Structure formats: C-alpha cells, structure tokens
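Mapping the sequence shown onto my numbering, position 47 (from 1) lands on 55, and the numbers just tick up by one.
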Amino acid sequence: MEEKQEIEFEFEGQRLKALKGDTIASALIDNGIDIFGFTDSGKPRGFFCAIGKCSSCLVIVNGVPNIRACITLVENGMKVERQKGKGNPVW
9 MEEKQEIEFE
19 FEGQRLKALK
29 GDTIASALID
39 NGIDIFGFTD
49 SGKPRGFFCA
59 IGKCSSCLVI
69 VNGVPNIRAC
79 ITLVENGMKV
89 ERQKGKGNPV
99 W
C-alpha cells in the first residue's frame with residue numbers, strides 16, 4: 009500500500025499537518041480540534057453527519073464561507089477558519 013503524502017494547512021493561523029486525500033474534518037480531528045465553528049448564539053459546532061447534509065461542520069476556506077469540512081479535501085497551503093453561523097451566501 010502506498011504511503012500518503014504529508015501536507016500542511018492553516019487553521020485559525022496555526023500551521024498543522026495532514027495527509028493528502030483527507031477531508032478538512034478528519035485533518036482537524038487528527039490535530040485534536042473538534043470545534044469547527046459556532047452557531048449564531050455562540051454554541052460550538054463540529055463533526056456530525058459526515059456526508060455533507062447537516063451544515064454542522066461549515067468552515068471558511070481561503071476566505072470563502074460555508075465550506076463543508078466533512079466532504080472537502082484538505083489541500084497544501086489551505087487556510088481554514090472557524091465560522092460563526094451560516095456565514096454569508098456565496099452566489
């Protein structure tokens with residue numbers, strides 16, 4: 009079996025390591041992070057459905073809000089931030 013390539017990404021300004029092919033959610037969890045964002049009322053949100061349907065794992069990626077961490081692959085150099093609420097719609 010081929011070994012996965014290690015990559016780096018940022019979360020809230022902190023450089024973290026991940027494996028190429030991992031989702032953002034799995035990379036965050038592997039780095040000990042389980043709070044991905046907050047509701048409008050300030051309650052923590054994180055990993056829940058793992059299939060992109062519940063919106064619990066929404067994060068901001070490279071300045072773009074409403075990215076589902078559970079189904080989006082982490083990329084080298086990616087900048088991920090916690091999101092509060094549903095973010096601004098991207099049309």
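Where is the CB? At the ideal position from N, CA and C, for every residue including glycine. These numbers come from a predicted model, not from an experiment.
Would GLY95 and THR47 be called neighbours here (beta carbons separated by less than 8 Å)?
In this structure, GLY95 sits away from THR47, with a CB-CB distance that is not shorter than 8 Å.
DSSP three-state call for ALA77: helix, strand or coil?
Three-state result, ALA77: coil.
Residues that THR31 bridges to, as DSSP identifies them:
Looking at the DSSP output, THR31 bridges to LEU81.
Should LEU81 be labelled buried (16 or more other beta-carbon atoms within 10 Å of its own) or exposed?
Taking all protein chains shown into account, LEU81 has fewer than 16 neighbouring C-beta atoms within 10 Å of its C-beta and is therefore exposed.
Rounded distance between the beta-carbons of ALA33 and ILE15, thought under 8 Å:
By a beta-carbon distance limit of 8 Å, ILE15 does not contact ALA33. Their separation comes to about 15 Å.
Which of helix, strand or coil DSSP assigns to GLU20
The three-state secondary structure of GLU20, taken from DSSP, is coil.
Opposing strand residues paired with GLY45 [DSSP bridges]:
For GLY45, which the question treats as bridged, DSSP gives the partners ARG53, GLN91.
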